[in-house]
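Single-structure report; data block below.
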Amino acid sequence: MKRHQGVSLFEIMIAVLVLSIGILGMATLQLQALKSNQSALTRTEATQFGYMITDMMRANRSAALLGQYNVGLGEVVSGSSMAVQDVQYWKQALTGLPGGDGAIAVSAGQATITIQWDASRLATEPALRSMTLRTDL
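Pasting the structure below:
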């Protein structure tokens with residue numbers, strides 16, 4: 008009878024080990040879901056910023072067709088025209104993205120809007136992400 012002492016304790020230890028591995032796996036899955044959710048949110052915000060400047064350009068189409076909305080990544084614009092104010096507002100809004108910046112190029116009635124942001128907090132993605140939107144004005 009003494010041979011069987013501790014068998015129940017051993018079974019409990021194995022059960023706790025299996026349970027611990029399961030809980031660790033669930034925590035890892037939850038962390039991955041949170042990272043994916045944050046990544047999707049950032050992409051959605053970038054898309055909204057792209058549509059925002061597109062709407063501004065369509066509201067001031069003549070200035071957009073003249074290239075007054077053209078701006079490069081990292082470029083600071085100055086002036087008092089409506090187009091410059093729109094670009095300044097848009098660039099300021101892009102700072103809501105982590106490391107957010109944007110560029111606009113208008114040629115032959117077509118606008119190419121590029122938005123980039125830093126995704127280095129999410130280990131599953133490259134550090135610098137970008138989205139390009141092309142549309143007719």
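Position one of the sequence shown corresponds to residue 8 (the working numbering), numbered consecutively onward.
Where a beta carbon is used, it is the ideal one built from N, C-alpha and C, also for glycine.
Check Thr102 in the structure and name its three-state DSSP category.
-> Note: Thr102 maps to coil in three-state DSSP.
Buried/exposed call for Phe56, threshold 16 Cβ in 10 Å | Here Phe56 is buried. Its C-beta has 16 or more other C-beta atoms within 10 Å.
Pair within 9 Å by beta-carbon distance, Asp108 and Ile60 = No. Outside cutoff.
Spell out a yes or no on whether the stretch 104-124 and the stretch 38-58 are touching, meaning 3 or more CB-CB pairs, one atom from each, closer than 8 Å.
-> By the criterion of at least three beta-carbon pairs nearer than 8 Å, the stretch 104-124 is in contact with the stretch 38-58.
Going by Cα to Cα distance, which pick from Leu144, Ser88, Asn77 is closest to Gln117?
-> For the residues Leu144, Ser88, Asn77, the minimum Cα distance to Gln117 belongs to Leu144.
Compare the C-beta of Ile30 against all C-beta atoms of chain D and say whether one is closer than 9 Å.
-> Protein chains in the displayed structure number just one, and chain D is not present.
So, are the CB atoms of Ala90 and Ala110 less than 9 Å apart?
-> Taking 9 Å as the Cβ cut-off, Ala90 and Ala110 do not qualify as a contacting pair.
Between which two residues does the alpha helix (DSSP H) containing Gly109 stretch?
-> First-last for Gly109: 108-114, but that is the beta strand (DSSP E), not the alpha helix (DSSP H).
Thr49: buried (16+ other C-beta within 10 angstroms of its C-beta) or exposed?
-> The C-beta of Thr49 has 16 or more other C-beta atoms within 10 Å across all chains shown, which makes the residue buried.
In angstroms, rounded to a whole number, what distance separates the CA positions of Ile28 and Asn44?
-> Answer to the nearest angstrom: the Cα atoms are 24 Å apart.
Do you know offhand how far Leu135's Cα is from Val84's?
-> A direct Cα-Cα distance of roughly 23 Å separates Leu135 from Val84.
Endpoints, beta strand (DSSP E) assigned at Ser137 = Segment 135-143, the beta strand (DSSP E) holding Ser137.
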